[in-house]
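Here the protein sequences come in this chain order: A and B. For any residue, its number in the working numbering is found by taking its place in the first sequence, counting from 1, and adding 611. For any residue, its number in the working numbering is found by taking its place in the second sequence, counting from 1, and adding 5. Backbone N, C-alpha and C fix where the C-beta goes; we use that ideal spot for every residue, glycine too.
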Amino acid sequence: MGVGPSTKETTLHHFRDPLLKVVSDDKDIDLVGIMIVGTPQENEDKYFVGKMAARWCEAMRVDGVIISVDGWGNSHVDYANTIEEIGKRGIPVVGLSFIGTQAQFVVKNKYMDTIVDFNKSKEGIETEVVGENNVTEIDAKKALALLKLKMKGER
Amino acid sequence: MEERELRRLVIKAFHIINVKFSTKTFIDLKSKTLFLDENLLQSLNVDREIIKDARLSIIEKDKRNIFVNSILDFSPIATKVLGNLGEGITHVLTGVCCMLTAVDEEGVQVAEFGSSEGILSEQVVFNRAGTPSDEDIIIHLDVTLKKGLGTIRKGPTEAHKLFDLVIQEVRKSLKKLNGKDCDEKHEYVDKVQVGKKRVVIIKQVAGQGAMYDTLFLPNEPAGFEGGRSVIDIGNVPIILTPNEFRDGALRAMH
Numbered sequence: 612m613g614v615g616p617s618t619k620e621t622t623l624h625h626f627r628d629p630l631l632k633v634v635s636d637d638k639d640i641d642l643v644g645i646m647i648v649g650t651p652q653e654n655e656d657k658y659f660v661g662k663m664a665a666r667w668c669e670a671m672r673v674d675g676v677i678i679s680v681d682g683w684g685n686s687h688v689d690y691a692n693t694i695e696e697i698g699k700r701g702i703p704v705v706g707l708s709f710i711g712t713q714a715q716f717v718v719k720n721k722y723m724d725t726i727v728d729f730n731k732s733k734e735g736i737e738t739e740v741v742g743e744n745n746v747t748e749i750d751a752k753k754a755l756a757l758l759k760l761k762m763k764g765e766r
Numbered sequence: 006m007e008e009r010e011l012r013r014l015v016i017k018a019f020h021i022i023n024v025k026f027s028t029k030t031f032i033d034l035k036s037k038t039l040f041l042d043e044n045l046l047q048s049l050n051v052d053r054e055i056i057k058d059a060r061l062s063i064i065e066k067d068k069r070n071i072f073v074n075s076i077l078d079f080s081p082i083a084t085k086v087l088g089n090l091g092e093g094i095t096h097v098l099t100g101v102c103c104m105l106t107a108v109d110e111e112g113v114q115v116a117e118f119g120s121s122e123g124i125l126s127e128q129v130v131f132n133r134a135g136t137p138s139d140e141d142i143i144i145h146l147d148v149t150l151k152k153g154l155g156t157i158r159k160g161p162t163e164a165h166k167l168f169d170l171v172i173q174e175v176r177k178s179l180k181k182l183n184g185k186d187c188d189e190k191h192e193y194v195d196k197v198q199v200g201k202k203r204v205v206i207i208k209q210v211a212g213q214g215a216m217y218d219t220l221f222l223p224n225e226p227a228g229f230e231g232g233r234s235v236i237d238i239g240n241v242p243i244i245l246t247p248n249e250f251r252d253g254a255l256r257a258m259h
């Protein structure tokens, strides 16, 4: 399990990424950068890169993190772990993921209380239709609004 | 509140309303037409041990009721005119989008976690950030890989490489256009918003191997050549500036 046709972000998606647009347009946010973390095959590597990402967040002294993933199933192992590593360090973190009915989290932790589900399909499934279950500007705005609340300590 | 400017990126868009085959590849701004060399594929260097066949076609906006193989990617046509990725000037074509599809010679779709082959108009939600708009003309590259190569890394990688070579031919003409003739101009500034909440965006991307890979920082926006693979660097986190990201620093390889 990994990235399906309806959730995968194409090169065009990255080129005009709605999440980047929403966060960089917000005058109340100092966007320090975009971190790219891969999804390794082996479990040991998944924990290694997740912890590394969290260490970077701590070192950058960020006030908040928005973490997005375009895969699910096995990819959620990495995702949950990275969120936990960030959360453990006391950094507010909000997620964006395809969940629907088919991709309920295989693992979960207490830091995953603010995840925006960007499923768009009626049945909540991987429809194999390209672009269907992708992040839109509305999803990104929801995530940023949640992060603002979390950073204020209101969530 | 204080704002500190770090760097500036200007993206100039040129709008295209026709794409036609011709004897050479060039852009005619007067008629807003992109001409594609009909023998383009023959002139490109392809690994015949991996790629059995490839076909280039133009799909008009009202001709999407056709069968296509599994969709690997949608890509913009953009090129650097000044500076490196994330700064300087980039030219981009609007009204046109590129699509890569692939299958192997035995009819096995190039896909891993579900495949998207079928009638194009039904297999894509158009007008999303990552898909063409209803008005876009689609330049379609359909690749047939040798038997069994669709599920190992070098198969899809070679298909993406060929896709990029095709786009590069258009980039060569796009580079030469006079920036003053652009239809739209967008300016983006990487800046420090002193005193505001510091936020980082993390994107978890594919890097499991086989047909799951992601390239970063290619030579050209949304390109392949010069890009490094997240698999090859062990999937460890890397940092990109907002302007690098919006200048096509990431290329999906699945």
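Query raised in the report: chain B beta carbons: is any one of them nearer than 7 Å to that of Thr745/A?
Result: One detail in the question is off: residue 745/A reads as Asn in this sequence, not Thr. Yes, contact with chain B.
Query raised in the report: Is it the case that the Cβ atoms of Glu10/B and Lys177/B are separated by a distance below 7 Å?
Result: Cβ distance not < 7 Å, so Glu10/B and Lys177/B don't count as in contact.
Query - Same chain, Cβ closer than 7 Å to Pro223/B, neighbours up to 5 away in sequence not counted - result: Contacts found: Phe229, Glu230, Gly231, Gly232, Arg256.
Requested in this report: Return the first residue and the last residue of the alpha helix (DSSP H) that Leu222/B is part of.
Outcome: Counting along the chain, Leu222/B sits inside no alpha helix (DSSP H), nor does DSSP assign it H or E at all.
**Report entry** CB of Met646/A within 7 Å of CB of Ile238/B, strictly
**Finding:** Between Met646/A and Ile238/B, the CB-CB gap reaches or exceeds 7 Å.
Report task. Closer than 7 Å by beta-carbon distance: list the chain B residues that pair up with Ile710/A, in chain order. Result -> Here the premise fails: no neighbours, minimum Cβ distance about 15 Å.
**Report entry** C-alpha distance - Thr136/B paired with Val746/A, whole-angstrom precision
**Finding:** Cα to Cα, the separation comes out at about 12 Å.
Query raised in the report: Beta carbon of Ile22/B, beta carbon of Lys37/B: below 7 Å?
Result: With a cutoff of 7 Å on beta-carbon distance, Ile22/B and Lys37/B are scored as near each other.
Report task. Going by CA-CA distance only, name the one from Gly253/B, Ala215/B, Gly200/B, Ile206/B that's closest to Lys638/A. Result -> The residue with the shortest Cα to Cα distance from Lys638/A is Gly200/B.
Report task. Write down the C-beta distance between Val86/B and Lys180/B rounded to the nearest angstrom, noting that I regard them as a contact closer than 8 Å. Result -> That belief holds up - the Cβ atoms of Val86/B and Lys180/B are roughly 6 Å apart, short of 8 Å.
Query raised in the report: At what residues does the alpha helix (DSSP H) containing Glu669/A begin and finish?
Result: Per DSSP, Glu669/A belongs to the alpha helix (DSSP H) from 654 to 670.
Query raised in the report: Given that Tyr690/A touches chain B, what residues does it touch there, using C-beta distances under 8 Å?
Result: Neighbours of Tyr690/A on chain B, chain order: Gln209.
**Report entry** Under 7 Å by beta carbon: chain A residues contacting His259/B
**Finding:** Val614, Lys619, listed in chain order.
**Report entry** Nearest residue (CA-CA) to Lys152/B, options Glu111/B, Arg133/B, Gly123/B
**Finding:** Closest by C-alpha distance to Lys152/B, out of Glu111/B, Arg133/B, Gly123/B, is Glu111/B.
Requested in this report: Quick one: list the residues of chain B neighbouring Gln652/A, beta-carbon separation under 7 Å, in chain order.
Outcome: The contacting residues are Gln213, Gly214.
**Report entry** For Gly675/A, the nearest candidate out of Gly711/A, Val705/A, Ile749/A, Asp656/A (CA to CA)
**Finding:** Its Cα nearest to that of Gly675/A, the residue Val705/A stands out among Gly711/A, Val705/A, Ile749/A, Asp656/A.
Query raised in the report: What residues of chain B sit near Glu734/A, judged by a beta carbon separation below 7 Å?
Result: Listed by position along chain B, the residues whose Cβ is nearer than 7 Å to that of Glu734/A form an empty set, because the closest Cβ is around 14 Å away.
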